[in-house]
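Encoded as structure tokens, the structure appears first; notes follow it.
Below you can see the structure in the form of structure tokens.
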């Protein structure tokens, strides 16, 4: 009898383990660690490989943070300046790297790497970045973070601004295990939500990051574990990795139909210029899947597998990503080029600015004449994009240019602002007596010069005396002071300041 009870207990235990792992198993019956890792954004392991690992009963495995590089990369200012300059010259392809918690920038024409550290490594604020897009204001970058459950915001120089959504910080009742993001035409932010009490939905936020509710309701149309939210002219595509389909929703978030079933892990979806749809598929039919606009299957391009991100280059080749790098492939099944290796690359997003960002957004530029004849120039910026610093110029001509005015700042005045925050500056000049016009030149990191002004200053020779405080309460003292003042003035004395002390 005792033996029978022990056997029964063993069977119950084994059955319990089977229940929690059946949803994520490989062909040999073991847990599919790669799929669990991709779904959660953490590294799935059968053992606790570090003290940071936590056992997850739902999957029956340990979930561990992704290991960072031994030495985090450092931003190259030359490469970064080239990337910033490209924002309005064809734009950039932004691809997050979740190994080093950064965002890389690539050429949208060739797919070539421009700046591997467009947003430099930031493990303090990023854990598993998935997608980076241009914000509705056009002056910052939004980055979805799968593990931290927030959308972070960075300025165009790659400096951290703060949490954009949810406003006020992480709230797992709104966002939990997030992946792809996109903007509606009205500027509102859409975020795919896979877990927690708001799971299997597309959440919506206004342009200040305030939660507005769900654009796609929880589980609508059978949606299960959405991995992306991608626009087309008349609908939105939402791949679901557990519903094994690309679902379609109209422009206000109502379920329409399924574009296609997918075997078995569709991540990023993208409409290409001929209206076909490309889908990066992580497992099952792993590779890049292509469909007609109505969902008719065109082909599978599987020279690279474990796919996450996808983008069609102008030459007709496909740029795709996986946990090892960024690759250019063709539809004939050839690997054309490896753009970068040894990175955990994620979604690919093309960003481009409609108008060039000014090197600075100037709030004020003023000139004040001091008692000693010097002139103090003050200016304030609200934002600075790729700005190296400033020079001050002076001229007697109100229409002077950088070529005709005299530069009075011997050294460049270093920039202190960024795209997300401006700064205040001060400079003092000592000109001869006269009417002067001052100009401010901002110098971009690529050498381009902006020209601001003029600020007028009328200077005279210093006065012989300046009475800065006066108390006439004592008539005897007043008489003495006036007599002394007249004597000194007659003698051509240098400036005197007199103040009565009580």
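In our numbering, the protein residues as written are 59 to 560. Every residue gets a Cβ at the ideal spot worked out from N, C-alpha and C, and that includes glycine.
Where residue i falls: helix, strand or coil (DSSP)
{"i": "residue 585", "result": "Because the chain here runs from 59 to 560, residue 585 falls outside it and cannot be looked at."}
{"i": "residue 97", "result": "helix"}
{"i": "residue 289", "result": "strand"}
{"i": "residue 256", "result": "helix"}
{"i": "residue 277", "result": "coil"}
{"i": "residue 130", "result": "coil"}
{"i": "residue 107", "result": "coil"}
{"i": "residue 384", "result": "strand"}
{"i": "residue 135", "result": "helix"}
{"i": "residue 142", "result": "helix"}
{"i": "residue 247", "result": "strand"}
{"i": "residue 317", "result": "strand"}
{"i": "residue 91", "result": "helix"}
Cα-Cα separation, residue i to residue j
{"i": "residue 404", "j": "residue 165", "result": "16 Å"}
{"i": "residue 392", "j": "residue 447", "result": "47 Å"}
{"i": "residue 372", "j": "residue 148", "result": "12 Å"}
{"i": "residue 79", "j": "residue 122", "result": "Its pLDDT being 36, under 50, residue 79 is placed unreliably in this model, and the coordinates cannot settle the point."}
{"i": "residue 209", "j": "residue 200", "result": "6 Å"}
{"i": "residue 204", "j": "residue 99", "result": "6 Å"}
{"i": "residue 484", "j": "residue 417", "result": "19 Å"}
{"i": "residue 283", "j": "residue 323", "result": "10 Å"}
{"i": "residue 486", "j": "residue 498", "result": "13 Å"}
{"i": "residue 528", "j": "residue 518", "result": "Its pLDDT being 34, under 50, residue 528 is placed unreliably in this model, and the coordinates cannot settle the point."}
{"i": "residue 126", "j": "residue 342", "result": "28 Å"}
{"i": "residue 402", "j": "residue 474", "result": "33 Å"}
{"i": "residue 219", "j": "residue 197", "result": "11 Å"}
{"i": "residue 412", "j": "residue 340", "result": "34 Å"}
{"i": "residue 398", "j": "residue 155", "result": "11 Å"}
{"i": "residue 129", "j": "residue 307", "result": "44 Å"}
{"i": "residue 180", "j": "residue 452", "result": "42 Å"}
{"i": "residue 173", "j": "residue 431", "result": "49 Å"}
Rounded Cβ spacing between residue i and residue j (contact assumed at less than 8 Å)
{"i": "residue 22", "j": "residue 248", "result": "Only positions 59 to 560 of the chain appear in this structure, which leaves residue 22 out of reach."}
{"i": "residue 353", "j": "residue 318", "result": "4 Å"}
{"i": "residue 502", "j": "residue 458", "result": "No, residue 502 and residue 458 are not in contact; Cβ-Cβ is about 21 Å, not under 8 Å."}
{"i": "residue 360", "j": "residue 383", "result": "Not really, about 16 Å apart at Cβ, beyond 8 Å."}
{"i": "residue 334", "j": "residue 356", "result": "6 Å"}
{"i": "residue 409", "j": "residue 192", "result": "4 Å"}
{"i": "residue 160", "j": "residue 175", "result": "6 Å"}
{"i": "residue 133", "j": "residue 178", "result": "4 Å"}
Cut-off 6 Å between Cβ atoms - residues of its own chain near residue i, not counting five sequence neighbours on either side
{"i": "residue 316", "result": "303, 305"}
{"i": "residue 515", "result": "425, 427, 433, 494"}
{"i": "residue 101", "result": "95, 122, 124"}
{"i": "residue 112", "result": "121"}
{"i": "residue 510", "result": "420, 423, 498"}
{"i": "residue 230", "result": "207, 254"}
Cβ neighbour criterion (16 or more within 10 Å) applied to residue i
{"i": "residue 465", "result": "exposed"}
{"i": "residue 469", "result": "exposed"}
{"i": "residue 461", "result": "exposed"}
{"i": "residue 525", "result": "With a pLDDT of 35 at residue 525, under the threshold of 50, the modelled position of that residue is not reliable, and the figure given next carries that caveat. Exposed, because fewer than 16 other Cβ atoms sit within 10 Å of the Cβ of residue 525."}
{"i": "residue 331", "result": "exposed"}
Other residues of its chain near residue i: CB distance less than 7 Å, five sequence neighbours each side excluded
{"i": "residue 269", "result": "224, 232, 261, 263"}
Chain-order list of residues whose beta-carbon lies under 8 Å from that of residue i (same chain, five-residue window excluded)
{"i": "residue 454", "result": "492, 493, 494, 495"}
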